[in-house]
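To start, the structure itself, in structure tokens.
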Amino acid sequence: MAEMLFGKPVADAISECLVPRIEALRKAQGSSEHDMTSGAIIPKLAIVRVGERPDDLSYERGALKRADALGIEVEVRSFPEDTSEDELVGALERINLDERIHGCLLFRPLPPSLDEARVCNALLPAKDVDGITTGSLAGVFMDQPWGFPPCTAQACVELLDHYGIEVAGKRVVVVGRSLVIGKPVAMMLLAKNATVTLCHSRSQDLGAICQEAEVVLFATGRARAYGEEFISVGQTVLDVGINIDEAGDLCGDVDFDEVEDTAHAITPVPRGIGSVTTAVLMQHVVEAAERAAKAS
3 MAEMLFGKPV ADAISECLVP RIEALRKAQG SSEHDMTSGA IIPKLAIVRV
53 GERPDDLSYE RGALKRADAL GIEVEVRSFP EDTSEDELVG ALERINLDER
103 IHGCLLFRPL PPSLDEARVC NALLPAKDVD GITTGSLAGV FMDQPWGFPP
153 CTAQACVELL DHYGIEVAGK RVVVVGRSLV IGKPVAMMLL AKNATVTLCH
203 SRSQDLGAIC QEAEVVLFAT GRARAYGEEF ISVGQTVLDV GINIDEAGDL
253 CGDVDFDEVE DTAHAITPVP RGIGSVTTAV LMQHVVEAAE RAAKAS
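This is how it looks when you write it as structure tokens:
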């Protein structure tokens, strides 16, 4: 039976490391928790949401809960589905100018009536804590600290590090080529000296390619699409998919029941990458506040 790579211990470890950093920010230039005239730095996140997609609301609740536990302020700015592109861009530009806000999370996908690229790039990379701007993604691909990588992509790397799974010199297959997970996590693993093969649902002989790797990561959003023919003995499997199956149950991209006895270690869905993603979001907000404090 495979070792379960649960996300909670990873998320808790990240949160624990953030506590002294948040306290240092609060004490560095002031002592008052709420009086901004004292110069106290309180990490603050703005959440921008268009509509009320259930998955967005679920993530929002998780983010609010973790932020509250850490003492990070959160301001939610919600817009109706029919909001105009200019109105949304204007909201992000105001966030750029608000020195009290250190990071912004914009939920995607946006309604098809909006130019998502234009909206995303209205946000400054310095406040882009989820890797949605061109500047942030350029930083990931060039291994430079411009903005921040997408939270889920970094969550995968954090989980591997936490469980002591070394990727340097190892063969890693990433299945999925999105800019949210697949492409950035491939670049981040390359930066850790892994030998990375980036595949997708149309790659030929995908099963054989996956079986040759020591670590395989699935992020295509296809419920239980990858079973035993994709997994070999001794592998570490990261399942990033969040799907609802025909029975209405939450499941990943991997057919867990088929591969559990073959893989060496696997992230379950739920209780896997999701909680780590929220913790990484808070980590990025704190780091953005630290960068702003240093710059000032």
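Take the sequence shown: its letters are residues 3 to 298, numbered as in the working numbering.
Ideal placement from N, C-alpha and C gives every residue a C-beta, glycine not left out.
Per DSSP, reduced to three states, the secondary structure at A155 is helical. Comparing alpha-carbon positions, the option among A249, F232, L161, S277 lying closest to V256 turns out to be F232.
Counting along the chain, the unbroken alpha helix (DSSP H) around R293 starts and ends at 275-297. Between V78 and R110, the C-beta gap is not smaller than 8 Å, which leaves the two residues out of contact. DSSP places T85 outside any alpha helix (DSSP H), giving it a letter other than H or E. The beta-carbon distance between V278 and A124, rounded to whole angstroms, is 28 Å. This is too long to meet the 8 Å contact definition. Less than 8 Å divides the Cβ of V174 from the Cβ of A215.
Distance from V121 to L107 at the Cβ level is roughly 13 Å; contact not present, criterion being Cβ atoms closer than 8 Å. In this structure, the alpha-carbon of G223 lies about 25 Å from that of H164. I16 places its beta carbon 8 Å or farther from that of A291.
Runs of the alpha helix (DSSP H) lying entirely within the segment 151-220 and spanning at least 4 residues, in chain order: 153-164, 184-193, 208-213.
Pairing P82 with L116, the inter-Cα distance amounts to about 12 Å. Counting along the chain, the unbroken beta strand (DSSP E) around T238 starts and ends at 238-241. Of the candidates D263, V159, V217, R204, the residue whose Cα lies closest to the Cα of A193 is V159.
Secondary structure of S234 (DSSP, three-state): coil.
Cβ contact annotation for G209 (same chain, cutoff 8 Å, sequence separation greater than five): E231, F232, in chain order.
A check of alpha carbon separations from G229 across E262, D251, N245 identifies E262 as the nearest. Per DSSP, reduced to three states, the secondary structure at S80 is strand.
E62 is classed as buried because its beta carbon has at least 16 other beta carbons within 10 Å across all chains shown.
The residues T238, in chain order, have a CB closer than 6 Å to that of I167 in the same chain once the five nearest residues on each side in sequence are set aside.
Secondary-structure assignment with DSSP links L47 through a beta bridge to V76, G105. Sequence-distant partners of A221 (beyond 5 residues in either direction) whose C-beta falls short of 6 Å from its own C-beta, in its chain, are G178, I183, G184, V242.
Closest by C-alpha distance to A69, out of A13, T136, S234, is A13. In the three-state DSSP reduction, L94 falls in the helix class (H, G or I).
The residue from A42, S234, I97, L72 with its alpha-carbon nearest to that of C19 is L72.
Only exposed fits K10, as fewer than 16 other CB atoms lie within 10 angstroms of its CB.
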